[in-house]
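Chains as they are written, first to last, in the working numbering: chain A, 1 to 246; chain B, 1001 to 1579; chain C, 2001 to 2228.
From the three backbone atoms N, C-alpha and C, an ideal C-beta is built for every residue, glycine too.
Read the structure below first, then the notes.
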Amino acid sequence: MKKKLFFIMLLASVASFAFAQTPTAAELLARVDANEIFNTIEYDGEMIIEHQNRRFVKTFRGWGRGNADSFIEFTNPEDRGIRYLKTDGRLFVYSPDTERITLISGHMLRESMMGSDMSYEDTMDNASLASRYNPILLGPDILNGRPVWMLELNAKSRTESYPRRMLWIDQENGDLLRYELFALSGAKLKEYNLIRVEVIDGRRFPVEGEMRDLLRRGSRTTFIMRNVVLDRPIADSVFTQRNLRR
Amino acid sequence: MTLFGIWELKKLALRNLTRHKVKTILTLAAIMVSVALYIVLNSWLGGMAIQSRRNIVNFEIGAAKLQTRLYFERKDEMPSYETFLDWEIFHEALYREGYVSAPRFVFSGTLFSQSGSAPILFHGINPAAEKEVLRYAQYVDFGRFVQDGNFEIALGTVAAERLRVGIPTRPLRLELEELIASVARSQAEADFIRSLYDITPSVRRGGDIFSTEERIVEGNERMILGRNASQADLDRYWNIIAASGRNDVRINAIIDIKAAPEMIRRHRWENELWPALRPEDRVLVAAAYVYEDFMDAYHLVEQDERQLNLILDAMIRAEYAGAIRHVNQLMDVVVVGVINSPAPLPNGNTAFIPLDVLQDRAGMMLEGGVTELIIRERGVPDSRLPGQSESSAVITAALELGLASMGRTLPDELAVFVWQDYMQDYLGYEALQTGAPQVVAGLLLFLSFLVISCTILLAILERTKEIGMMRALGMTDRQMIMLYMLEAGFLGFIGSVLGIILGCIINYPLVKYGIDFSAMGDLMDGGIGFRTTAIFRSMWNVPIIIGAGIAATLLSSFMAFLPTRRAVKKPITDSLRFE
Amino acid sequence: MTVVKAENVIKDYGLNDQVIHALRGVNLEFQAGEFAAIAGPSGSGKSTFLHLAGCIDNLTAGSILVGGKDTGKMNRTQLAILRRQSIGFIFQAYNLIPVLSVEENISFPLTLLGIDKKEIRERTNQVLKEVGLDGMAKRRPKEMSGGQQQRVAIARALVKKPALILADEPTANLDSKIGREILELMLALNKSAGTTFIFSTHDTMVMDFARRLIRIRDGQIESDEIKG
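Below, the structure written as structure tokens:
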């Protein structure tokens, strides 16, 4: 009896160990998606843009409800008063100079946001990756001294904005350390590298990352989040066009 | 006395012109110069306009295009998702009925070179068919035109200079040295490249009004590619540059794809989509979606391809953003040629790429689709602007006939649009550009009529007594007015004839030889293009020439009306007493 | 036949805010074939009367009938036609058209009347003979003497065979010898063609030639004398 029990336990531990050693692509992708889930978020943001030997620092205050709704207001002197609202799958911008709200749509979405390496389209990217991509686990790798899983994502739909993505996921803590975005032809367009993670409310949360638009030579943008508060109720009125104009 | 009787007085009217020969000559000179100026200016502007229109037809658009109606409706946005299939069939059908055509896929994107980037309008073309319809491919300054099957582009000269691709025609010395350092593989190649350039003429002249401070900085002068460089030299130069990778560029574009959204949230359906749909489209769209309570959204249930296309058209007309998806694309291509034609568009921020490489995932996922088929009548000379045989109705009829002979019909969503339909802005601009100088010339013409008016006024004053006498002899007021109008009319007529002769004499060489602006280009250190065909010719506008003469005669005659009318109101006795 | 009938003719002019009474109720009648002169000092109204009779000026009051037609009721065009058809003028200053030749000056009224070219030529040649200017048809007025020019003017007045010829100071610019010749010519034409001549003059020679002498002063008829 004891032997049987021991053997069963051994089998179970081996199985769980095996499970822990080589997750499936779907499991990995699910974990990446899960990291992105929160009810609400509030934070102080900073965007450091380095391009053509010039450096710009933009600060803003941000609010988010899930991944669907977000509101940003810039606070640095040059951009003070510029506000962005993402809601209902659409992106609006308010400019204090013109006092106008503009819907950013069509080809405007691929424009750089505030001169950074991130496009407006990139900020709209909110639906889960698992629902849009077929993952392939390419295997383990080392990135910056950390053991990682390399995941290749191929779009399910031919209309996906980035038909292919590569992900590097930390084997131990599940952080998304790096991802690359590819064009339809397979040429690499953008790179993201995680710089720093904080533990907030018992969960690991990326607070500093760097994005590079590879078509902008030598350009990179560092995103920093400070004073992050998760899951605190935010009034619905924050995510309205009225709030843009106030 | 009838009007014919007045004609009998023509002798008197003509003799009156000889009373003061100097005054008459001066008046005639004023009319002559203004009529001549009007004719020359009108002819010149007309010639430029005709040439520009020819350039548009021969180098940019052709006579007409076959496109989807929805594309045409939104043509200013260049909706590259609005493609149609089976262009080969329409091409064949048109050919059977005497038309040549060429397929195109037009899309916008950004071109990245080693030096920078620029927004470019790309044309996916079938090189062989394109050459049948348009002529710009004959104007490859450097390199060659594109060929099927290769990821290569021909670039407009403006874009090439901006992106520093290909052979620079007017670099600064330091820029040239930098280029040589990056492309020359040996001292011999470096020397060879240097030998092709010279200091710009203005610098050689020691500077003049065309020189700028930039050009004459010591050690960094503006260089110019020698006009005497042989084709073999240029080919060798091009190959050196190509081998260095300088001509390797990347196209970043967005592939727009029509795709009916699988799901539309109720909020967006009610606030964004439904109000914007045309009434006739609502039934169609409503039938394709089903509301699901638990998701609070509408789900797509329609499967039929044709219906989905109609639904998408309806959504696009309603400007519903969810109907179009955008896929990022990046293509590595090589610049194989630089275009420098007489027309501005192919020379500008434009590139031409073979259509066949754009068909799949490596390209723009066209899968046989094109945005347009450009059309021209077969065998029509380049000098002839499209006429009735290239009208929308005639081409459509021919296309339908050709398709019928192949057992096919023209789909409803496709239509033929003529070149003018795409050039409203240009035509408006042309009207302004030609209209303004003509107004000026017209004003000058009018001033000459004022001169006539003064001449007649003076004549009436001098002949006050004589006028009184003639009235006393029984000439009615009307006859008197007509006599002086006849005299002024003769002035106008003779002046017009002289003006027409002078205008035609000046216009003749402008029509036959034109003005070669490339010579001016040399003066401006090649500032208007290396091998630009820059000869601008005037034209013969016979209606204008004759019309100017008639108008000048009639208006001159009319100028006598008021002064004479004033004179006949004076009592005869006062006139007779006048000294 | 009464060629001109003036009844209670009044003509006033405005001049520098003043009213000048040029004619103050003149009554005169002229028959066909008369050779009459209206004489008086400057400003007496003689030329004014002639102008009114010739329909080149307007009455203030009264009436003038020319050829039985009341000129006061006619418009400008009708008056012009009346002058064209029935009245010839001879002016002190000849008033020939300098750019036309002698024959063209003479034939001018016929051209206005719309007469055909052949007849114009015949009549012009005829009247040239009558005034003694045969052979000078092609000359220009500036090539001729004062007397010759006045003959041309007479010829021009005569060529259309008017019922009435009004001559305003016709001899004023001529010396007495030439003036006499002109008057003899006009008298001869009066006798041969029966044309009524009315002169306005202060030339005694003209007064002597006239068969009827009307004196006028300050706009009123002083005397009206028919000579033997």
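Next item on the list: Give a single yes or no on whether residue 2217 (chain C) has its beta carbon closer than 8 Å to a heavy atom of the ligand FAD.
Entry: The ligand FAD is not among the ligands present in this structure, which contains no ligands whatsoever.
Checklist line | Neighbour flag for residue 1551 (chain B) against chain C, beta carbons, 9 Å | finding: Contacts with chain C at 9 Å (Cβ-Cβ) do not include residue 1551 (chain B).
Margin query: Counting only C-beta atoms, is residue 2155 (chain C) closer than 9 Å to chain B at any point?
Written below: By this cut-off, residue 2155 (chain C) is not an interface position.
Notebook entry, point to check: Buried or exposed: residue 241 (chain A), going by 16 or more other Cβ atoms within 10 Å of its Cβ?
Noted result: By the neighbour-count rule (16 or more Cβ atoms within 10 Å), residue 241 (chain A) is not buried but exposed.
Note to self: Quick check: the Cα distance between residue 1302 (chain B) and residue 1277 (chain B), rounded to an integer number of angstroms?
What the structure shows: Separation of residue 1302 (chain B) and residue 1277 (chain B) (C-alpha to C-alpha, rounded to the nearest whole angstrom) is 18 Å.
Next item on the list: Pick out the complete beta strand (DSSP E) segments inside the segment 81-146 of chain A, 3 residues or longer, and give them in chain order.
Entry: Listed in chain order, the complete beta strand (DSSP E) runs (minimum 3 residues) inside the segment 81-146 of chain A are 83-87, 90-95, 100-104, 133-143.
Check: What residues of chain B sit near residue 2054 (chain C), judged by a beta carbon separation below 8 Å?
Finding: The contacting residues are 1472.
Next item on the list: Would you mind sorting residue 2016 (chain C) into buried or exposed? The rule is 16 or more other CB atoms within 10 Å of its CB.
Entry: Within a 10 Å sphere around the beta-carbon of residue 2016 (chain C) sit fewer than 16 other beta-carbons, which makes this residue exposed.
Next item on the list: Give a yes or no on whether the C-beta atoms belonging to residue 112 (chain A) and residue 90 (chain A) are separated by under 9 Å.
Entry: The Cβ atoms of residue 112 (chain A) and residue 90 (chain A) lie no closer than 9 Å to each other.
Check: Counting only beta-carbon atoms, is residue 107 (chain A) nearer than 9 Å to chain B?
Finding: Proximity of residue 107 (chain A) to chain B, defined by a Cβ-Cβ separation below 9 Å, is satisfied.
Checklist line | Exposure label - residue 2192 (chain C); buried when at least 16 CB within 10 Å | finding: It is exposed - the Cβ of residue 2192 (chain C) has fewer than 16 other Cβ atoms within 10 Å.
Item checked: Within the segment 1352-1436 of chain B, ranges of the alpha helix (DSSP H) (whole runs, at least 4 residues) -> If we require 4 residues or more, the alpha helix (DSSP H) runs fully inside the segment 1352-1436 of chain B come out as 1392-1405, 1419-1422.
Checklist line | Simplified DSSP assignment, three categories, for residue 1538 (chain B) | finding: Three-state result, residue 1538 (chain B): coil.
Next item on the list: Could you tell me the boundaries of the beta strand (DSSP E) in which residue 2083 (chain C) lies?
Entry: It is not in any beta strand (DSSP E) - residue 2083 (chain C) instead sits in the alpha helix (DSSP H) that spans 2076-2086.
Notebook entry, point to check: Can you name the residues of chain A whose CB is closer than 7 Å to the CB of residue 1029 (chain B)?
Noted result: Contact of residue 1029 (chain B) with chain A by beta-carbon distance below 7 Å is absent, the smallest such distance being about 58 Å.
Item checked: Bridge partner(s) assigned by DSSP for residue 1109 (chain B) -> Residue 1109 (chain B) pairs with B:1120, B:1253.
Check: Beta-carbon separation of residue 227 (chain A) and residue 42 (chain A) under 9 Å?
Finding: Yes, the Cβ-Cβ distance between residue 227 (chain A) and residue 42 (chain A) is below 9 Å.
Check: Going by the CB atoms, is the gap between residue 196 (chain A) and residue 180 (chain A) shorter than 9 Å?
Finding: Using a Cβ distance threshold of 9 Å, residue 180 (chain A) and residue 196 (chain A) do not count as a contacting pair.
Next item on the list: Consult DSSP for residue 1578 (chain B) and reduce its assignment to one of helix, strand or coil.
Entry: Note: residue 1578 (chain B) maps to coil in three-state DSSP.
Note to self: Give me the chain B residues within the contact set of residue 2051 (chain C), using Cβ-Cβ distance strictly less than 7 Å, ordered along the chain.
What the structure shows: For residue 2051 (chain C), the C-beta contacts it makes with chain B under 7 Å involve 1573, in order along the chain.
Note to self: Please confirm whether residue 89 (chain A) has its beta-carbon closer than 9 Å to some beta-carbon of chain B.
What the structure shows: So, interface residue.
Check: Hey, how far is the Cα of residue 1406 (chain B) from the Cα of residue 1103 (chain B)?
Finding: Going from the Cα of residue 1406 (chain B) to the Cα of residue 1103 (chain B) covers about 19 Å.
Next item on the list: Check each candidate in C:2072, C:2121, C:2135 and name the one with the smallest Cα separation from residue 2054 (chain C).
Entry: Comparing alpha-carbon positions, the option among C:2072, C:2121, C:2135 lying closest to residue 2054 (chain C) turns out to be C:2072.
Margin query: Please list the terminal residues of the continuous beta strand (DSSP E) segment that includes residue 2168 (chain C).
Written below: According to the DSSP assignment, residue 2168 (chain C) belongs to the beta strand (DSSP E) that extends over 2164-2168.
Margin query: At the 9 Å Cβ level, is residue 1478 (chain B) part of the contact set with chain C, yes or no?
Written below: At a cut-off of 9 Å between beta carbons, residue 1478 (chain B) contacts chain C.
Checklist line | Coarse secondary structure for residue 1317 (chain B), derived from DSSP in three states | finding: Helix at residue 1317 (chain B).
Check: With 9 Å set as the bound, which would you pick, yes or no: does the beta-carbon of residue 1294 (chain B) sit closer than that to a beta-carbon of chain A?
Finding: Taking Cβ atoms only, chain A never reaches closer than 9 Å to residue 1294 (chain B), which makes this a no.
Next item on the list: Kindly indicate which three-state DSSP category residue 1340 (chain B) falls into: helix, strand or coil?
Entry: Of the three classes helix, strand and coil, the one that applies to residue 1340 (chain B) here is coil, per DSSP.
Checklist line | beta strand (DSSP E) runs wholly inside the segment 1020-1093 of chain B, at least 3 long, in chain order | finding: If we require 3 residues or more, the beta strand (DSSP E) runs fully inside the segment 1020-1093 of chain B come out as 1064-1068.
Note to self: Any beta carbon of chain B sitting closer than 9 Å to that of residue 248 (chain A)?
What the structure shows: This structure gives no information on residue 248 (chain A), because the portion of chain A shown stretches from 1 to 246.
Next item on the list: Closer than 6 Å by C-beta to residue 1320 (chain B): which residues in its own chain qualify, once you throw out the five before and the five after it? Chain order, please.
Entry: Closer than 6 Å at Cβ, skipping near neighbours: 1273.
Item checked: Under 9 Å between C-beta atoms of residue 137 (chain A) and residue 24 (chain A) -> Closer than 9 Å, so yes.
Checklist line | Helix, strand or coil at residue 64 (chain A) [DSSP, three-state] | finding: Strand, per DSSP.
Check: Taking the C-alpha atoms as reference points, what is the distance between residue 1050 (chain B) and residue 1537 (chain B)?
Finding: In this model, residue 1050 (chain B) and residue 1537 (chain B) are separated by some 9 Å (Cα to Cα).
Margin query: Can you check whether the C-beta of residue 1009 (chain B) is within less than 9 Å of a C-beta belonging to chain C?
Written below: So yes, residue 1009 (chain B) belongs to the interface.
Margin query: For a contact defined as C-beta to C-beta under 7 Å, what are the partners of residue 1465 (chain B) on chain C?
Written below: In chain order: 2095.
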